[in-house]
Each structure stands twice: as C-alpha cells, then as structure tokens.
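Each protein sequence line maps, in turn, to chains A and B. As numbered in my numbering, residues 271 to 766 make up the first sequence, in order. As numbered in my numbering, residues 271 to 766 make up the second sequence, in order. Here's the structure, in structure tokens; my notes come after.
Number of protein chains: 2
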Amino acid sequence: MSNRSGGGALLSVLRLDAGDRMPLYRQLENAIRQQILTGGIPSGTRLPATRQLASDLGISRLTVKNAYEQLGSEGFLESQRGAGTFVANIAAMEQPPEVPAAASLAGKAQYDLSERSGSVAATKATTRLGGVTAFRPGVPALDRFPRKAWATAESRAIRHGDAGLLGYGKPGGLTELKQQIAIHVRDHRGVQCDPQQIVITSGAQQAFVLIALTLLEPGATVWFEDPGHIGARDAMRLLGANVMSVPVGDDGFELAEAIRDHAEADLMFVTPSHQHPLGITMSLNRRMEILEYAKQHNCWIIEDDYDSEFRYSDRALPALLALDYSGRVLYTGSLSKSMFPALRLGYLISPPELVEAFTAAQSLLSQNVSPLQQQTLARFMLDGNFNAHIRKMRSLYEQRRDLLVDSVERHLGDVFELAPCRAGMHLIVWLRVETAAEISVANSIWDAGVDCLPVSIYCDTQRLRPGIMFGFACAPENEIEEGVKKIVKALDGVTN
Amino acid sequence: MSNRSGGGALLSVLRLDAGDRMPLYRQLENAIRQQILTGGIPSGTRLPATRQLASDLGISRLTVKNAYEQLGSEGFLESQRGAGTFVANIAAMEQPPEVPAAASLAGKAQYDLSERSGSVAATKATTRLGGVTAFRPGVPALDRFPRKAWATAESRAIRHGDAGLLGYGKPGGLTELKQQIAIHVRDHRGVQCDPQQIVITSGAQQAFVLIALTLLEPGATVWFEDPGHIGARDAMRLLGANVMSVPVGDDGFELAEAIRDHAEADLMFVTPSHQHPLGITMSLNRRMEILEYAKQHNCWIIEDDYDSEFRYSDRALPALLALDYSGRVLYTGSLSKSMFPALRLGYLISPPELVEAFTAAQSLLSQNVSPLQQQTLARFMLDGNFNAHIRKMRSLYEQRRDLLVDSVERHLGDVFELAPCRAGMHLIVWLRVETAAEISVANSIWDAGVDCLPVSIYCDTQRLRPGIMFGFACAPENEIEEGVKKIVKALDGVTN
C-alpha cells in the first residue's frame, strides 16, 4: 500500500463521453477495470476519494460511488474504513500483460490451427462472390419463390402454434414433416420408406457430417467421385477419412478403377441421378454393380440426390435407395434447391437401426433442427404448395436453361462447347481453346460482375479439360442475354 | 431367353390399388421393378404382351404401355421387334438378394457404429421428456415470448427483404447482426469487441464443435468442469479430445487440482458467470489464474456464458473475455435462452485471426446460418425489442424463482435442501436423505408428469451428493405450486 494515489494515472487516460449510450458510471467502471487489468494501476494503489475524482472529472459523486461499489463487488477494489479505497491484490497481476488491448490483437498473434482444419481450403474457393447474381450455380430462383404463402404459413405457426414449436423440438425431427418427406420421395424418387427411417437435418451437408462421425473411424477409406461435391469431400477429410479419388465415366462412378487402384472402401459417395457437377446419369448396370460391391464388402453408399426434382427431357431413374435391398444406401436430400437455402432443412434416410445414432450425433453438432421451420414446411407440403412450387420451378428452369443455352450458342459458340444439359440447375461449357487457363477465364467473368465457377474446383486429383459452370436457375429471364453479353465482352482477348 | 413368360409371377404378386394417390402405371412399374430386383423375374424373361397383361389385370392397355416404356428407358426391360419385351441382362442380378424388402430390414442387420459415436451416450439420457413442461431445465418462458412482434418482423423480412435473405447468406454471419451482438456483449458483459471477431453460429453447441475441429488435434487434452455441460463434453470426445475431469469448488474451476492431476491442457472449458449446472460464480482471482495459465501454456479457454443475462441479486462480473489481454478466450453465447431455442442462433467471439478458419469449418458442418433469421433478429435487436424482452424475462424469472423456492421450502423442505439460486433459470435441491437413490427420485417425479434432471447426469468422474434440478423459467406461475404438489405426492414413500 505504498503507492498513495492512482488518481493521476486514472485522470490521464479517462475519456468519459456523456453522449455515449453507456451510462457514465459504467464508462468509469470499465476504464478503472481496464487500468487495473493492464497494470496501469498496480495492486495496493489507493484510488482518489470519490469526492475528489468527481470534482476532477466534473461528474456527480454518486456516479463515482456507483463505479467503486461495482468494482468492489467484483473484487477489483477493497475499502478500508477510514483509509480509503485500494486496488485489491489480484493473483497473476504481477506481470502486466504484453498486449494492452484486445483490439490491437489483429495481425499480431500467430495461432496454430489443427491439421485437420487444413482440409477446408477448397471450400473457401467457392465463396468469392456473395449474394445471388446470374449465373451463380446451386442457387434456385429466389426471385420466384412464393414468399407471401411462406410468410403466411410461418406467421401462422409462430402466432398460433404450440409453444413447443419455439423450443428445441423432437430429436431427429418432427413426425409430421417426416411423413411428408416420405410421400415426397415415394412420388418423386420411387423410394418406399417408413417415416421413422428419416432424420431431419439442417441440410444435406449436415447429413454427410453425421454419417462420417457415426459410421467411419478416423482413417476409414472413402471412395469419392472426382470431380465431385467439394463440401462433402472436405467434410469427410475434416472428420478423418482417407478420401480416394474415383473418376466419372459415361456410366458414372468408375467402380472398376476404384477396385483396381484403391484399398477396399468403407464408404462410397455418389450422385447417381445427376452427377455433381458433370450431370451424368449413372447407368442401371453401374448402380447394380455398386450396390453389389457394397453388399459384399459391408460398404456404405452415400447417395446425394441433390437436385433430382429438376429433369427436363425424361423421368429420372429411381433413386439408388429404391434399388437397395441390402440396407447399405444412406440417402441424403436437400430442401435448399427445391425450397430455398435459408430454410436450412434437409433429410437423411437410412436403415432404421441407425436413426438413433444419427439423432444423438446431431444433438452434439448443433442441437435439433428448428421445429418452427419444420412445422411450417410440413404444413406447406400438406397443403400442396410444395409440389406446386416444384412443378412451376421445373418449367421455369427449363425455360431459363433454353434461354441460356441459346444465348451462349449464339454469342459464345466459338469459345465454348456446350455439354448436354437435361437436368439440374447449371450448364457446363468446355473451352474450345484448351490452352486458355480456366481460372483466368473465370476471373475475367467475375470481374465483369457475372458469377460462374471453374469446373476444376470440383477436382481432387483428376484433370479435366478446362470448363466453366453457369447456374441458370437463379437468373431472371431478362438478365440471361445481358449476362452472356457481359461475358462476351469480358472474354474479348482472353480466349483468342 | 428360355423362360417364355413372367406373366404368372407378375400376376401372383401384383396388387394395384385404384384408390391410391399414386397412378396405376406407377404402381405397376414399381411392382415390376421390384420383381426384377428381387429375382422374382430373372433376366431374359419375356413379359406378357401389353394387351394380355392389361386384360388380366383389368386395366387399360395404355397403363401397361406407359409402365413398360418407363422401365425400358431405365434399362430394366428391352424390346425386341416382333419378339416382345424382355427383362434386360442386368449385372449383379445373378444372386437374388437375401432380404426381400426394405421394410423387413428393421431389427435384422447389425451395423457397426464408429467408436467415437459411443461418446454420445450421455446426451441421450437428457431427452427422456419432450416438449415443454414444468420444470424442464434450460428452456425459457416460451409462454411469454412476444410472438406477434417476432412474427411481424419475420414476415416483413420474408416478404420485403432482399432475395439474398432466402439464399445461403454471408459465410460467418450478417454484419448487421454482428454489430448488434457486439453492442449486446458490451452493454451486458463488459466485452469490447469488434463485430469482425464474431461468427454467428447455429447455437452455442455448434461453436464448441467449430472450436474442437479447428483448434484441437485428435488426442488433445481438454480440462473440463465436472459436473459440467454434457453436450459440450460429449462433442469434445466425439471429435477426438481427451477430456479430463476437473472439480468445481467455491471459487469455481479447481485449477490447482487440474495442474496437479492432469497433463498440460490444450483447452479448458469453463462457465465463469454461472457454473453449469451448479450456479457458482467463479471468483476474480480464479479468473486471473486461469487466464495466466492459458497465456503461459498457449492453452485455449472456452467461456460458455450460457444464461448470463439472468441475474437477480447482483450485477454479473464482466465476462472472462473482458479480462483477457492475451487472446486465449473463445467466448460462446446462446440466443436459445434469451430468445427461443427454435431460433437456432448463437455466436462465437474469438481473436480476429481465427474467424476465417471457424467460418470455413462452419460451411463444412452445415453451410451458413439462415440469413433470414439473422436479419430478423438484427432488426428485432435494433428496434429495442430484444433488450425489452430480456428485461421483462429477468423480472419474470425472478418472480418464478421466488414462487418455486417458496413452494419447495413449504412443501418439500424436509426432503430437499435448497442450493442458493441467485441467477439463471434453474434451482438445484439436494436430497436430505443421502441414501435415497437420485435416479429413483427423478423417475418418480417424471412418472408424475413433472420434468426435472438428476444432477448426477452432469457428472463425468466426480461424485456429488444426490440432487435434482428444476427449471423455473418455462413454468407458468399458476403451474408452479401445482407442480410442486405433484412432486410431494410422487415422492411420498420414496424418500422416507
């Protein structure tokens, strides 16, 4: 208690602002606390008397008293009757911290990230453009979503639903929604399943994570389509899987090459309806072959049926799950494409024995999925709004595809060779001049304010010819021709 | 092509139902596909002519033609001009599957779950009762949530917001919401942070997962409060951490014991404001000691500030994060308690260098958090509705706590000794007769339709005296006395 007064130190740094929305006594309290914590006023320092500090600062004495009292109750200050108020003896305050303020941390400390977190690098590459612009792949027609119907349905659930809808909800999802999903996959995908085989997830991505955590040991072998789903592949790696690249041929996933080149698989990741991103439909024979492999080797199959609702020329083959009589297929569905991404809902259909484990793992990842959103969607489906929306979107996307294909053929036919596009929400074009660097083409397009993705970002170890992906689903009709013309201008000089 | 006709096999199993909402041709198609897949009609089998099958089944010939055509396009059937329609030669169909139908899978197959998935066992124990009933711990007053204001805010965002609000949203969260959260933690928790240090998560639980994935290697040492947060502990184990139990004393987390008994920590998990579940406030000295330990050993600290908004007798100590000048504290906040669980929003405040890695890991776990919900909340906060709600709830919870404490003291004072309850949303009572089995007491209470949790489910290796937790926040005032009386009746005979 040698240091007689910290008033000087205090006064020199105090910046009280009567115009701030934080009350003066809180500002004072924070300032004193910070001085104590940073060693500006050491343990044992006597603080100025309340009357004196109030007078020095031109504030009321009550303000100072309030601040001292709070800091006293927190343990920073001690009062000694008759002797005044002192900074308490606080452990570990001997060495004042080297870094004086949290704000100045930026760019200073070097932190070690875990090794596994390195697997997320590829994912970052897809996030260059935010928001929704033509031709962003993977985003549905948000301009045509029936917002009013949805707002009404949601508002009804919030105002008049059971109070439990605001709570954590039933683990694994609401029965009403599972029933509607079971009908949906039966009608659209030929899948006969019991609603109890369904876990409602916060999107397909969460389903991949649940599967990896629940069924794979670290180091497990995963055969993965290449090119393939970036997020699913990175998630498998993040969770310790040994991911092996399998090329995609005319019949889809090249099983024979996988068997020849790789260790036995614990899990295969496939997109049979519409290969992600190439759009190839896996042949029936290939489907039967991978089902047979899975059965013989106790291997799991993730069937990611990500945009199967949108086919324009033919009806889809039934889902792989519909052909599986050995219980090896884990079917993942997304509502981000058929409804909208911000809904954050998807589903995982699995053998009934696995549902409990998936549900428990989900509660550890992020608790349950919002019962309010689930209930709203169940009602939206029950009322027929969901099916009506899908029907409308299918015909809208077909129209947008036609516009884009036509426009690209007319304006960019000498630069791009169009891949067939019979389903889904994006068009792939291959560069005719294969020496052109794919990424510089993509960069030029981005710079012109048009969105796209270079196909190579989907590749792991395979090399494809240079190509670009354009999403047409989210592009309003009147922006399609305009977008293509911007690309023409952007590429002038780049590809010649 | 020896087998001349599959008509008999087909006819014997076909069950078409004209009343089903699935069209007849789809029913027929599914039935034939299933017969082919299960070996009921082998490769090379000639199917009945369309006219004959239509006549046998009493349906239109067009229906049969439609079904044959679809199966032809899928590759299951082949037409030979003049010779008829045959089951195609499909690979891997030689051995008919052993299990004839997906529905019969239940209870048959034995699947191996991953070892790590075993860590979720404890989590399951907390889910015995669903929904919201008195006295469920951890659930806010859903009966008093301002539903109308929220419905209006959300409806406005859905109808009139930018279309991007329906999309995936900005990785890491919307700036508007981060700004509001920064103000909230400044005003309520004494934390000065830049909005850019915040990642919006789908709840505190997701923040724990992001931290473990991004900063811990498998096998990392985690010191964990015991009793402590079940979900956080299980998540750490699920993701490979070596979790070590640290007891909780009068000053909180027993750092000295941890140092004495365990390997050096890579991370500590603490709840300084209101120990989870015991409610102890960590002393200032203990806070400084663990900050000093973290600094010296490059150890991370998760500060879970889970219900810090609700204190009844005193103002809270500032958050640990507010005392940290070395950048080792990772602060997790939940909006499930201050708003409602179905909102699925929380936040993680960290040194700015880590934000990008957390954001990338989040995109792998479950994509981004709904921008629609974020925008709605940001507006709700900006309009002052959030602060007003917290103020109302604080006084409501204080009132409910008083009612519960009073009622338990009057009716159950001879059975239970009440722990002090100055903050939070639950009351802990200790059994006076320590020989009574805690779980049988809890079971009796559950059987009477009243919710509660035995304190021991929060324990890892520590043993506490038998105790029960009652949540009072979600219990309407008129149900409190009634609930306590049910407990009195339920325990009659159990504890004497």
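C-beta atoms are modelled at their ideal positions from N, C-alpha and C, and glycine is treated no differently.
Closer than 7 angstroms: residue i CB and nearest the ligand SAH heavy atom
i, result
"L674 of chain A", "As for the ligand SAH, it is missing from this structure, which has no ligand bound."
Presumed contact (8 angstroms Cβ cut-off) between residue i and residue j, rounded CB distance
i, j, result
"P736 of chain A", "W700 of chain A", "7 angstroms"
"A760 of chain B", "I738 of chain B", "The pair is not a contact, with the Cβ atoms about 12 angstroms apart (cut-off 8 angstroms)."
"G694 of chain B", "H544 of chain B", "5 angstroms"
"V678 of chain A", "G443 of chain A", "So it is not a contact: roughly 41 angstroms between Cβ atoms."
"R671 of chain B", "L697 of chain B", "7 angstroms"
"T445 of chain A", "P465 of chain A", "7 angstroms"
"G549 of chain A", "C729 of chain A", "Their Cβ separation, rounded to whole angstroms, is 15 angstroms, which puts G549 of chain A and C729 of chain A out of contact at 8 angstroms."
"Q340 of chain B", "R557 of chain A", "The Cβ separation is near 16 angstroms, so there is no contact."
"L673 of chain A", "E747 of chain A", "6 angstroms"
"F346 of chain A", "R414 of chain A", "Their Cβ separation, rounded to whole angstroms, is 59 angstroms, which puts F346 of chain A and R414 of chain A out of contact at 8 angstroms."
"M552 of chain A", "D531 of chain A", "In fact, because the Cβ distance is near 19 angstroms, the residues do not count as touching under 8 angstroms."
Simplified DSSP assignment, three categories, for residue i
i, result
"S620 of chain A", "coil"
"L341 of chain A", "helix"
"D574 of chain A", "strand"
"G519 of chain A", "strand"
"T354 of chain B", "Just to set this straight, residue 354 of chain B is Gly in the shown sequence, not Thr. Note: G354 of chain B maps to strand in three-state DSSP."
"E299 of chain A", "helix"
"V492 of chain A", "strand"
"H681 of chain A", "helix"
"L375 of chain B", "Per-residue confidence for L375 of chain B stands at a pLDDT of 37, beneath the threshold of 50, marking its modelled position as unreliable; the derived number appears in the next sentence. L375 of chain B falls in the helix class under three-state DSSP."
"A693 of chain A", "strand"
"E747 of chain B", "helix"
"T602 of chain A", "strand"
"M558 of chain A", "helix"
"L688 of chain A", "strand"
"G763 of chain A", "coil"
"G753 of chain A", "helix"
"E424 of chain B", "helix"
"G434 of chain A", "helix"
"M506 of chain B", "helix"
"A395 of chain A", "Annotation note: pLDDT 46 at A395 of chain A (below 50); position unreliable, coordinate value reported separately. Helix."
"T629 of chain B", "helix"
"F740 of chain A", "strand"
"P724 of chain A", "strand"
Test item: CB-CB of residue i and residue j under 8 angstroms
i, j, result
"F405 of chain A", "F656 of chain A", "no"
"S554 of chain B", "S596 of chain B", "Going by the sequence as given, residue 554 of chain B is Leu instead of Ser. No, they are not a contact pair."
"L286 of chain A", "Q297 of chain A", "yes"
"S472 of chain A", "T484 of chain B", "no"
"E623 of chain A", "Y617 of chain B", "no"
"V469 of chain B", "F650 of chain B", "no"
"F523 of chain B", "V516 of chain B", "yes"
"Q475 of chain A", "Q637 of chain B", "yes"
"L480 of chain A", "L508 of chain B", "no"
"R610 of chain B", "Y667 of chain B", "Reading off the sequence shown, one finds Phe at residue 610 of chain B, where the question assumed Arg. Against a cut-off of 8 angstroms, the Cβ pair of Y667 of chain B and F610 of chain B comes out as no contact."
"L660 of chain B", "E579 of chain B", "Reading off the sequence, residue 660 of chain B comes out as Ile, not Leu. Yes, these two residues count as a Cβ contact at 8 angstroms."
"P410 of chain A", "C744 of chain A", "yes"
"P497 of chain A", "P547 of chain A", "yes"
"Q467 of chain B", "I619 of chain B", "yes"
"G460 of chain B", "N300 of chain A", "yes"
Sufficient close CB pairs (3 or more, under 8 angstroms) joining the segment 640–648 of chain A to the segment 715–727 of chain A: no
Touching by the beta-carbon criterion (3+ pairs, under 8 angstroms), the segment 565–576 of chain A and the segment 531–548 of chain A: yes
Near-chain A residues of the segment 301–328 of chain B - C-beta to any C-beta below 8 angstroms: R303, L307, T308
Contacting positions in the segment 415–428 of chain B - beta carbon closer than 7 angstroms to chain A: F415, R417, K418, W420, A421, E424, S425, I428
Selection of the segment 327–341 of chain B by Cβ proximity to chain A, strictly under 7 angstroms: Q340
Stretch pair the segment 587–604 of chain A + the segment 416–428 of chain A: three plus CB contacts closer than 8 angstroms: no
At least 3 beta-carbon pairs within less than 8 angstroms: the segment 348–361 of chain B vs the segment 324–332 of chain B: no
Residues within the segment 472–485 of chain B neighbouring chain A, beta-carbon criterion of under 8 angstroms: S472, G473, Q475, Q476, V479, L483, T484, L485
Contact residues within the segment 534–556 of chain B, judged by C-beta distance below 9 angstroms to chain A: S553, L554, N555, R556
Where the segment 644–673 of chain B meets chain A: residues whose CB sits under 8 angstroms from a CB there: none
Positions along the segment 486–499 of chain A whose CB lies within less than 9 angstroms of some CB in chain B: L486, E487, P488, A490
Near-chain A residues of the segment 678–711 of chain B - C-beta to any C-beta below 8 angstroms: none
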